[in-house]
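Heads up: the structure comes next, in structure tokens.
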Amino acid sequence: MMFSKEFSTAYSNWLYIHDCDQDDSDEDDSDRDAGAISSQHVSEILPGPLYYASRFGFEFSVEKLLREGAKVTREGNLRSPIVVAAVYSHAGVLRQLLDADVSQLIQVEDMRFIMKNIDGDLTETMMVLLGSGAFHLEELHNSRQNMTERTTWEDAITAAARNPRNGDKIITILLKEWGSGVCITEDMVKAAAGNRESGDKAMEILFKECGAHISITDDVMKTAARNECGDKVITILLDKRADTPIIEDVMITAAENESCGDRLVTILLRYRGDIPITENVVRAAAWNHSSGGKIVAKFLEERGTDLPITEDVLKTVALNSWEGGDIITILLEKYGTNLPITEGIVTEIARRFNGRVMGILFEKYGTDLPITEDAVQAAARNWRNCDDVIAVLLEERGADIPITEGTLAEILKTCNERVIRLLLNKGGTNILITENVVLAAARNYSSAEDIMTILLEERGADSLITEGTVAQIARRFSERVVMILFERCGPDIPIKEGTFAQIARRFSERVMIVLFEKCGPAITITEDVVEAAAINYSSGEDIMIILLEERRANISITEGLVVRVARRFSERVMMLLFDRRGSDIPVTEEVVQAAVRNCSSADKVMTVLLDKRGADIPITERVVKAVVENYSSGQEILTILLDKYGADVPITEDVVKAAARNYWIADKLMTVLLDRRGTNILITDNVIKIAAENENCGDRLMEILLRHRADLLATGDADEAAAGNHSNMLFSRDARLIPGESEFTLPSMPRAIEEPTTDPTESPRANFHGYMRVLYPFQLIKDFSPSTNKLPLDQGDMIMVDSISPSGRAIGTVLDSDSAEYGWVPTDYCEMYDELPMRPLLNALADLRDTIRTGCISSLSDLEDQDFMRSPNAGVRFLLEKSECLIPEAPLVKKYDVVRRVRKALVSDLSSMFITTKQVQDSVSRGYSDEDVKDILDEILIKFFKIIIRGVQFVDVLDEVSPSRTPVEMFVSGH
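For the sequence shown, the residue numbers in my numbering are 38 to 1012.
Structure below.
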């Protein structure tokens, strides 16, 4: 009933949702809001109800619509209801439409459309069409030209012959209806010859009914030869007309047919053995990517060595990457050394084919085969078969192959270690290690380490190792390769300061020991070297100790160097520095601040400074502010300073505000200040406001302040700050302070890390693909193109995923504490990572990365306004709170030493990120360039990566010590 007038609105809405003929409709109309289309506009803009009732064969609806006065007319760009009913073989509907308006004639193009597309149970429909007055073949009215157009039987039968599934059935009906008076034209036969699905059946009908009148022309044969299923059609044509001439163009078309070219050629040669096989025909077969080998083999079987194999034919073969190898093999076996093999052809063969083909070439031509430098480089660029082809070249020609530095570089980039060893054995001593050679070996995605090892072992002692060569090896290869470099290349290896810093940054202390043994006392320890060792998270401290013990006299003691030691290393290094160069060490305000900001050992390093220099240490306001900003050791250092220096420690309002702002230990810092300095501590309105804004411990901090000053009332600013604090702390002027029910409350978090309220497993980011963790190691293998940016993976690596392709590869970033590698990752080596306690941190990292990517931070003035630490602080708190490890006195922390160590490292990493962001925001006035801003943002991201890695490690440790507690249980227990 939806097609009736009274339901026009329902029809419009249905049509907007389900327009099955939308490809034929006006595109502008498809974007309209169906709810805004009135019943008056339906017939003007969208297809009318009669059209779709006819389309679906609803006879009752069609009858009702016709009674209501619906017109059987063409609507817009759609066909008329008569045409659509005919195409879908709704004979009953078609009869109703024709009976309603017998004067409605079918246009010529509509008749062709029906014949070509009619489907289904079409016999009755065809009878209705042929028996109606609307289907005249003598005179068809063409409304577009406003004239009467004469047509012939050809229009209907030609269109029917193109019908993919029913061409034979329609032609049978038409010929039966019209009798023997029909003249079968070339166009009809071509239409049947080109029909991929039912062309053979249609051709059989044509020959059966009108065989004597059918003419097989060259165009008909070419059309059949081009058909993807043309072998069946060609068979019928030659069966019926065995004397049909086969011209060169027909053979070329057949040889080019990638679907059935071999079958076509076989049929043609079987029927007509005298067909000329010209050079053009052979070239067409040589370029056939699917069956070229079979076609050429058939030609050779029929014509033998009389086949015209020219240089142009061989060039075509050499360019066919799919079938060319088989074709050239067949030709070599048949013709031997009679083929015109040129340097260019050998080069193309080396570029595209495998070692077997190259081996056959050498077998046939021996020393006469022209092997040029271009051919060797082409073989090296053959990334599928380079190993086999280069190996054949080396085995056959050895030292005679022209190996220039450029050629060597190409080989090193793509070949495996077996080929490189063969190259060194065959190529003599003229292959030396240069900077370009090192760069080329480093670009080998599957065997770089092994290749560089072989080069150093075989040619290291004979090569002139330059500073640039050492720098590239130190930058691009592993510790194993660097150790071989120092052991094999003698004591006089030139080391630049930058290279020495690179070694200190990347490798263990073993490399440093060997380096000192080989390079003598010429190495100078600079600030950059110390900074590089400081960044070496695994061996930096041991390296620094070696530097101090082995080269203490060569260390240039500057304030910058001492600052770096104080900030990055443990008290052991600082103690050793004083023992070796005590009187030379300047202890300035900058040094003390650096010690206070030491992420892992601030209290112990500070103790060393106090023991060694005592009263000479400058304790300034800036130093004390740095102390109270320290997340992990601020309380201990502040206690030491106040106990040692008493009233000489400057406690200003800024110091107190900084203490109140400390996210993690503000309450403990304030307790120390008030216990040691009592009434000298100035608690101002600004201090109260900052305390109220502290989302982690603001409630406890305010309790401490209230106990210290009973007359303290919350100010208006404090009320406003408390209102913005999303923990359970409220202020009232009458009640002074009303703590929330829970002692620890989740702080306010940005959108991306908001705690789930309904479904804790639902991802909060619809446009982010999440994280994966590597289950199995993945090393690059030879099957990948050198241009593919695919990442090697170690078990346990964390990956931030940007997108996942249908083929199962993901694009993402491997989170590393030193760098961020971006590229393709195989998802079958990984599992999705979405541990609930880690989710706030993971989403916070995604938010920060997106903020940087979208250009929201483009200058340091933008950096100044960013609260980078809000999300990391909240995320770490969430993790520790849900794992019941928020405070150092928590049972799990006290019970398990490994939990305590990892928890402390996690907080230290958080403190390190805070120090970095604070230094950035304090340095806005320095006028950094855009590149500097990018470097700063990269450093902040790397710091965050380290927090994520440590957080994942913390969750793993919890699983080990308490395997019965799942992440979900930890999550629920925190509510």
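From the three backbone atoms N, C-alpha and C, an ideal C-beta is built for every residue, glycine too. Quantities reported herein were computed from a predicted structural model and do not represent experimental measurements.
- In the structure shown, arginine 810 falls within a strand segment according to DSSP collapsed to helix, strand and coil.
- In the structure shown, proline 86 falls within a helical segment according to DSSP collapsed to helix, strand and coil.
- With fewer than 16 other Cβ atoms from the protein chains shown falling within 10 Å of its own Cβ, glutamate 926 counts as exposed.
- Its chain contains Met152, Gly204, Ile207, Ile208 and Leu211 as the residues whose beta carbon lies nearer than 7 Å to that of alanine 197, once the 5 sequence neighbours on both sides are disregarded; these appear in chain order.
- The DSSP-derived three-state label of valine 109 is coil.
- By the criterion of at least three beta-carbon pairs nearer than 8 Å, the segment 573–584 is not in contact with the segment 615–629.
- Per the DSSP secondary-structure output, serine 840 pairs in a beta bridge with Ile848.
- Around the Cβ of proline 377, a 10 Å sphere holds fewer than 16 other Cβ atoms; the residue is exposed.
- Sequence-distant partners of tyrosine 933 (beyond 5 residues in either direction) whose C-beta falls short of 7 Å from its own C-beta, in its chain, are Val998.
- Taking a contact to require three or more Cβ pairs closer than 8 Å, the segment 332–346 and the segment 378–385 do not qualify as touching.
- The secondary-structure analysis by DSSP pairs tyrosine 870 across a beta bridge with Tyr808.
- The beta carbon of alanine 123 lies closer than 7 Å to those of Leu131, Ile151, Ile155, Thr162 and Leu166 in the same chain, with the five residues before and after it left out.
- Spatial neighbours of alanine 603 in its own chain (CB-CB distance under 7 Å, excluding positions within 5 residues in sequence) are listed in chain order as Met611, Val628, Ala631, Ala632, Asn635 and Val642.
- Per the coordinates, the alpha-carbon of isoleucine 889 lies some 22 Å from the alpha-carbon of isoleucine 841.
- Across the set Ile540, Val935, Asp640 and Ala387, the C-alpha of Ala387 shows the shortest separation from the C-alpha of proline 407.
- Listed as beta-bridge partners of phenylalanine 815 by DSSP are Leu830.
- Around the beta carbon of proline 86, 16 or more other beta carbons lie within 10 angstroms, which makes this residue buried.
- As far as DSSP is concerned, isoleucine 221 takes part in no beta bridge.
- In the three-state reduction of the DSSP assignment, methionine 906 falls in the coil class, being assigned neither a helical nor a strand state.
- The three-state secondary structure of isoleucine 540, taken from DSSP, is helix.
- If you ignore the 5 residues before and after aspartate 946, its C-beta comes within less than 6 Å of the C-beta of Lys983, Ile984 and Arg987, all in its own chain and listed in chain order.
- The Cβ-Cβ distance between valine 120 and alanine 137 does not fall below 8 Å.
- Residue pairing from DSSP places methionine 835 in a beta bridge opposite Arg810 and Leu852.
- In this structure, Glu626 is the residue among Glu626, Arg455, Arg650 and Ser638 with its C-alpha nearest to the C-alpha of arginine 659.
- Straight across, the Cα-Cα distance linking serine 169 with arginine 92 is about 20 Å.
- From the listed residues Arg601, Ser607, Glu732 and Ala639, the smallest Cα separation to isoleucine 622 is found for Arg601.
- A distance of 8 Å or more separates the beta carbons of leucine 719 and valine 686.
- Counted as a single uninterrupted DSSP element, the alpha helix (DSSP H) harbouring threonine 366 occupies residues 361–372.
- The shortest CA-to-CA distance from lysine 371 to any of Tyr125, Arg104, Arg389 and Ala334 is the one to Ala334.
- Here isoleucine 562 carries a strand assignment [DSSP, helix/strand/coil].
- Setting aside the 5 residues that flank it on each side, leucine 943 is surrounded in the same chain by Arg987 and Phe991, each with a C-beta closer than 6 Å to its C-beta; the list follows chain order.
- By the Cβ-count criterion, threonine 290 is buried, with 16 or more other Cβ atoms from all chains shown falling within 10 Å of its own Cβ.
- Sorting Val811, Asp255, Tyr866 and Leu461 by C-alpha distance to the C-alpha of alanine 230 places Asp255 at the top.
- A distance below 6 Å between beta-carbons, with the five flanking residues on each side excluded, links tryptophan 190 to the following residues of its chain, in chain order: Val219.
- Leaving aside the five residues that flank cysteine 867 on each side, the residues in its chain whose CB is nearer than 7 Å to its CB run, in chain order, Met809, Arg810, Val811, Leu812 and Ile836.
- The C-beta distance from alanine 261 to isoleucine 271 rounds to 5 Å, short enough to fall under 8 Å.
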